[in-house]
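See structure below.
Okay, here's the thing in structure tokens:
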């Protein structure tokens, strides 16, 4: 079954015979056609008949022989009128959450269409189950991330700054065969590690500091994401305690993964370990997020999500403890749900590593 077939099946389950998909990443997922539309309209109309339609600005360049009907328009053309001509006004039209209001509102004007619904879940839930090809690409991206983490580890020395290390990462990724970052790298020293989204600055590394790397690359369109926390030169007893708590939480949640287990149970498992040790309020985010063509995809691993794990899902497991003004620890892995349990995609060690003074 093709990806479009799977999406059409999900649409049918929602009672829909047509859907307008405006997210360029989702169109790429379905077609292999990559377009960055900028401010211009770009979309694909999925139809129960199988006569799917691509709407394209004449500035866009796509391969020949796509197998889809193509409707071309110029900047001065009323493109949404063209869309209306292909929509069955007697049927509900599903739209995705990325369709901008300036395109949606003209589509809603008049009596051309009976009703609109947000049908994003038909695409989002389908993208959330990775096929065999996607799984292999995710493995490859994570393998590069493992190698990059080892390179970063080797760059740590007293007197260097967060930014000096972060500025070298893109070159490392490209040398290893990746194309780009999947997100801007997080490099945090000392108390900066207590900010989960700290961006690298001119903070200078000092003896005893936490060294937190949260990094990811894009390889063949697919993303990786991993966090490891080290200490430079030495680690206090308290720092060792919180590190081991986070590692236990990470490993306990991963051990619980198998088809049918609610995703909220994974969060609950990790959070209980940290809470029972007295640091519950210092674990201030969800346990994980889905990932694939985008670094954060629809779906998460949180107390609010009771969806059951299914084979083919790939998401992060990333518990953390953050002590403001002191230190922070996060350990993040990407995991693939298998028929029997889980496969961890990144294999960089999680045992506490003290970086030798240099």
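In the numbering used here, the protein residues as written are 46 to 403.
Note that CB positions come from ideal geometry on N, CA and C, so glycine has one too.
Contact test: residue i Cβ vs the ligand ADP heavy atom, cutoff 8 Å
| i | result |
| --- | --- |
| residue 340 | In the structure on display, the ligand ADP does not appear, and there are no ligands present to speak of. |
Own chain partners of residue i with C-beta closer than 6 Å, once the 5 adjacent residues on each side are dropped
| i | result |
| --- | --- |
| residue 119 | 103 |
| residue 92 | 63 |
| residue 288 | 374, 397 |
| residue 312 | 332, 346, 347, 348 |
| residue 254 | 234, 235, 277 |
| residue 392 | 191 |
| residue 298 | 311, 314, 315, 362 |
| residue 370 | 236 |
| residue 309 | 348, 350, 351 |
| residue 324 | 366 |
| residue 86 | 124, 148 |
| residue 71 | 168 |
| residue 75 | 48, 49 |
Sequence-distant residues of its chain with Cβ nearer than 7 Å to residue i (five each side left out)
| i | result |
| --- | --- |
| residue 232 | 207, 210, 211, 245, 258 |
| residue 143 | 67, 68 |
| residue 270 | 227, 261, 336, 340, 361, 377, 379 |
| residue 149 | 140 |
| residue 153 | 161 |
| residue 301 | 310, 311, 314 |
| residue 328 | 316, 319, 364, 365, 366 |
| residue 243 | 231, 233, 237 |
| residue 215 | 226 |
| residue 79 | 73 |
Extent of the continuous alpha helix (DSSP H) run through residue i
| i | result |
| --- | --- |
| residue 169 | 165-172 |
| residue 216 | 214-221 |
| residue 359 | Counting along the chain, residue 359 falls outside any alpha helix (DSSP H), though it belongs to the beta strand (DSSP E) covering 359-362. |
| residue 291 | 282-301 |
For residue i, three-class secondary structure by DSSP
| i | result |
| --- | --- |
| residue 69 | helix |
| residue 74 | helix |
| residue 353 | strand |
| residue 88 | strand |
| residue 177 | helix |
| residue 320 | helix |
| residue 10 | Absent from the model: residue 10. The displayed extent of the chain is 46 to 403, so no value can be given. |
| residue 210 | helix |
| residue 53 | helix |
| residue 198 | helix |
| residue 64 | strand |
| residue 312 | helix |
Host beta strand (DSSP E) of residue i (start-end)
| i | result |
| --- | --- |
| residue 343 | 342-346 |
| residue 259 | 255-260 |
| residue 387 | 387-389 |
| residue 367 | 365-368 |
| residue 375 | 372-375 |
| residue 231 | 231-234 |
| residue 330 | Looking at the DSSP string, residue 330 is not in any beta strand (DSSP E), and its letter there is neither H nor E. |
Bridge partners - residue i, DSSP secondary structure assignment
| i | result |
| --- | --- |
| residue 204 | Answer is none; residue 204 lacks a bridge partner. |
| residue 264 | 267 |
| residue 48 | According to DSSP, which records beta bridges pairwise, residue 48 is partnered with nothing at all. |
| residue 192 | Residue 192 is not bridged to any residue. |
| residue 273 | 258 |
| residue 162 | 139 |
| residue 226 | 262 |
| residue 334 | 345 |
| residue 307 | 353 |
| residue 249 | 206 |
| residue 240 | Paired residues: none, contrary to the question. |
Cutoff 8 Å; reference residue i; Cβ partners in own chain excluding five residues on either side
| i | result |
| --- | --- |
| residue 98 | 89, 90, 92, 113, 114, 115, 116, 131 |
| residue 249 | 204, 205, 206, 234 |
| residue 279 | 252, 253, 399 |
| residue 180 | 357, 359, 381 |
| residue 171 | 48, 51, 52, 55 |
| residue 127 | 100, 116, 118 |
| residue 306 | 353, 354 |
| residue 201 | 210, 250, 256, 275, 277, 400, 403 |
Min CB distance residue i to chain D below 9 Å
| i | result |
| --- | --- |
| residue 226 | Included in the structure is just one protein chain, with no chain D present. |
Completely contained beta strand (DSSP E) runs for the stretch 95-159, where each covers 3 or more residues: You should have 98-102, 114-118, 138-140.
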